[in-house]
Amino acid sequence: MQQENSNESIERQLEILADAISDVGYWTWWVEQLPEMFQAEFGGIQLYFPSESIEEAPASRVALCFDNPVSVSFISKIKDDNFHWVTLLQEDQIEPPNCSHGEFSFGNTSLAKSLIDEIVEFKTIYGTDPRSVDFLEFPISLVFWCRNIGLAVAGKEVRLLNHSGDIALGEVSDLHESWWQYWRRYWDALDTQHPFPKDYVCNVTIPVKR
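Residue 958 is where the sequence shown starts when you use our numbering, and the numbers rise one by one after that.
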């Protein structure tokens, strides 16, 4: 799959990526080397990365890496949030929070604006206030919620990575469609003598008729 062969815009690929992460995904970690880099990592994503072993489920983790970001803020819907969770999340001291489906947006969209409007408290660790008028005007921005906590990041570019390295954004729609094909095979085989290795993402994405 080559990025140049994709007939969909990068904006559409980012919409698909937002859905693939936030449907049943969760925020696992973050790391920074500011001003050069900020990275957020997620698990439970609906992109298909085949496992190297038939005894293991496909990998379901990705990272979003912002090179040279211009704004990085942890956000909260709760008044007087002390933001202890920020450190606890980085140190793996709390359960990864589930992403709120429908509250995950890339770019200058009406959804992103509504998500920013929900901010009650924020902790900016670099750059611009996420509620500033120019936050969504940067080339790439990300705003998402995990119930009452979340993240707002803006910069010039974002890279998608998994355990093998960089993934071209133009591949996202194909990887998402491949995941749904795998998901159908997973459920078809579930009650047979040869079920697939247990997969959290498939198990919580239950078919309508079962």
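Idealized CB from N, CA, C, for every residue including glycine. All of these numbers come straight from a predicted model, not from anything done at the bench.
Mapping the DSSP letters down to three states, classify residue i as helix, strand or coil.
i	result
aspartate 1156	coil
threonine 1044	helix
serine 963	Confidence at serine 963 is low in this model, with a pLDDT of 45, below 50, so its placement is unreliable and no value can be given for it.
glutamate 1114	coil
methionine 958	Model confidence at methionine 958 stands at a pLDDT of 42, short of 50, so the residue's coordinates are unreliable and nothing is read from them.
glutamine 990	strand
valine 1019	strand
glutamine 1050	coil
leucine 1132	helix
isoleucine 1073	helix
glycine 1127	helix
tyrosine 1005	coil
serine 1057	coil
On a CA-only basis, which of the options is nearest residue i? Give me that one, please.
i	options	result
leucine 1118	Leu1072, Ile978 and Val1019	Val1019
leucine 991	Phe1079, Leu971, Leu1045 and Val1110	Val1110
aspartate 1038	His1058, Asn1105 and Lys1070	Asn1105
lysine 1069	Glu1052, Asp1049, Asp1091 and Gln1050	This sequence places alanine at residue 1069; lysine is not what is there. Nearest of Glu1052, Asp1049, Asp1091 and Gln1050 to alanine 1069, Cα basis: Asp1091.
isoleucine 973	His1151, His1058 and Val1158	His1058
glutamate 968	Gln1047, Gly1127, Ser1089 and Glu1048	Gly1127
phenylalanine 999	His1041, Ser966, Ile1163 and Asp1049	Asp1049
lysine 1036	Glu1075, Ile1124 and Asp1131	Glu1075
phenylalanine 957	Ile1002, Glu1114 and Gly1107	Any answer about residue 957 is impossible in this case: the structure gives the chain only from 958 up to 1167.
tryptophan 1140	Ser966, Gly1001 and Glu989	Gly1001
Would a C-beta distance cut-off of 7 angstroms place residue i and residue j closer than the cut-off?
i	j	result
alanine 1016	histidine 1120	yes
threonine 1081	valine 1027	no
phenylalanine 1061	serine 1008	no
aspartate 1156	alanine 1014	yes
tryptophan 987	cysteine 1103	no
asparagine 1065	leucine 1093	yes
valine 1029	tyrosine 1083	yes
alanine 1146	proline 1152	yes
Compute the beta-carbon to beta-carbon distance between residue i and residue j, rounded to the nearest angstrom, for a pair I have assumed lies under 8 angstroms.
i	j	result
glutamine 996	leucine 1021	7 angstroms
isoleucine 1011	phenylalanine 1063	About 35 angstroms separates the two Cβ atoms, so there is no contact after all.
methionine 994	phenylalanine 1031	Methionine 994 to phenylalanine 1031, Cβ: 16 angstroms. No contact.
lysine 1034	valine 1100	So it is not a contact: roughly 12 angstroms between Cβ atoms.
glycine 1122	phenylalanine 1095	About 25 angstroms; that fails the 8 angstroms criterion.
tryptophan 1136	tyrosine 1005	4 angstroms
valine 1173	valine 981	Missing from the structure shown is residue 1173; the chain here goes from 958 to 1167 and no further.
proline 1053	isoleucine 1073	Not confirmed; about 23 angstroms, so no contact.
Return the bridge partner residues of residue i from the DSSP annotation.
i	result
tryptophan 1102	Gly1107
glutamine 996	Val988 and Cys1022
threonine 1081	Ser1030
phenylalanine 1092	Answer is none; phenylalanine 1092 lacks a bridge partner.
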